[in-house]
Structures are given as structure tokens and as C-alpha cells.
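Colleague: So for the sequence shown, my numbering puts the first residue at 4; every next one is plus one. Encoded as C-alpha cells, here's the structure I'll be asking about.
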Amino acid sequence: ALELHFNLDVNLLSTSIPTELGELTAMFLGFQLQSNALSSSIPTELGKFSQMDAHFDLSENALRSSIPTELGNLIGMKANLMLHSNSLCLDVPTEVQALSDGVTLNWKVTTGNIIGSICPTPEPTALPTSSS
Numbered sequence: 004a005l006e007l008h009f010n011l012d013v014n015l016l017s018t019s020i021p022t023e024l025g026e027l028t029a030m031f032l033g034f035q036l037q038s039n040a041l042s043s044s045i046p047t048e049l050g051k052f053s054q055m056d057a058h059f060d061l062s063e064n065a066l067r068s069s070i071p072t073e074l075g076n077l078i079g080m081k082a083n084l085m086l087h088s089n090s091l092c093l094d095v096p097t098e099v100q101a102l103s104d105g106v107t108l109n110w111k112v113t114t115g116n117i118i119g120s121i122c123p124t125p126e127p128t129a130l131p132t133s134s135s
């Protein structure tokens with residue numbers, strides 16, 4: 004059931020993660036969007052998955068932001084907190100770092116990111132030129 008597990012990994016999804024997915028608060032078996040081309044930021048609303056105990060995976064995308072403090076609400080996580088291989092930046096919030104004690108298998112948050120660095124700015128989009 005969708006309330007238990009949401010998995011759209013290894014697709015060609017792009018742009019941003021819809022904030023409305025944070026309303027799926029009953030999920031506890033997994034939220035997996037890894038290996039896509041998702042960009043932008045991690046929605047703070049995903050911190051509402053307080054019952055999640057395994058498989059929160061946003062790895063191998065193109066996410067470019069800091070890690071939201073609200074992910075520290077995933078206090079039931081025991082395995083597979085995977086944010087690696089993006090362009091996540093700044094510092095890991097204390098609230099998220101505190102989860103590492105409970106996640107005994109696959110805590111992959113900093114690997115392949117630019118933690119401790121300033122977040123990259125998006126490349127400007129080219130303006131259409133008018134031909135006169």
C-alpha cells in the first residue's frame with residue numbers, strides 16, 4: 004500500500020520533489036526516489052515521516068541544497084538513510100546527525116556531497132533572444 008512504501012527509484016524523474024509527498028505521513032517501510040535526475044532541494048515536509056523506520060533514499064540525484072533540519076524528525080530510522088551522491092551542502096544539521104546513532108545499517112549522508120561547502124547557485128537560464 005502507498006501508505007507503507009513509496010518507490011520510484013531508477014526512473015527518469017527530473018525537476019523537484021513535490022512538497023505534497025510529505026503528506027504521506029503513515030509511511031514507515033520506505034520512501035525511495037534514488038537514481039533519478041531530481042534537482043532543487045529536499046522539501047522540509049519530508050520530515051513529517053516520523054514513523055519511517057527504514058529506506059529513506061534520495062541518493063544519486065542532483066539535489067542542490069542544505070539538508071533540512073526537519074529530517075531530524077525521522078527518529079524511528081534504523082536502516083538505510085541514504086542521501087549520498089548529490090550536491091548537498093553546508094553542514095549536516097545537529098538534529099539529522101543525531102539520527103546516526105539509531106541508524107545501524109547504511110548511514111550514507113555525506114559521501115559524494117559537498118558538505119561543509121557553500122551551496123552551488125543554479126546556472127542562469129538563457130533568455131530568449133529576439134530577432135529583429
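In this text, a Cβ means the ideal position worked out from N, Cα and C, and glycines have one as well.
Pull up the distance between the alpha-carbon of ALA57 and that of GLY33, whole angstroms please.
Modeller: Looking at the two C-alpha atoms, the distance is approximately 6 Å.
Colleague: Would you mind reading off the limits of the beta strand (DSSP E) that contains GLN35?
Modeller: Unbroken beta strand (DSSP E) run through GLN35: 33-35.
Colleague: Quick one, are the C-beta atoms of ILE20 and LEU86 less than 9 Å apart?
Modeller: No; because the gap between Cβ atoms is not below 9 Å, this pair is not in contact.
Colleague: Three-state secondary structure (DSSP) at ASP60?
Modeller: Residue state, collapsed to three classes: strand.
Colleague: So the alpha helix (DSSP H) GLU98 belongs to, where does it begin and stop?
Modeller: Its alpha helix (DSSP H) spans residues 97-100.
Colleague: Taking just the CA atoms, how far does SER68 sit from ALA4?
Modeller: Because the pLDDT at ALA4 is just 49, under 50, the model does not fix this residue reliably, and the value given afterwards should be weighed accordingly. Roughly 31 Å separates the two Cα atoms.
Colleague: Can you look up ASN83 in the DSSP assignment and give me helix, strand or coil?
Modeller: Three-state result, ASN83: strand.
Colleague: Quick one: grab the DSSP three-state call for THR28.
Modeller: Correct three-state label for THR28: coil.
Colleague: Report all residues from its chain with a CB closer than 6 Å to the CB of GLU48; omit the five preceding and five following residues, and keep chain order.
Modeller: If we look at GLU48 and ignore the five residues flanking it on each side, its Cβ neighbours are THR22, GLY25.
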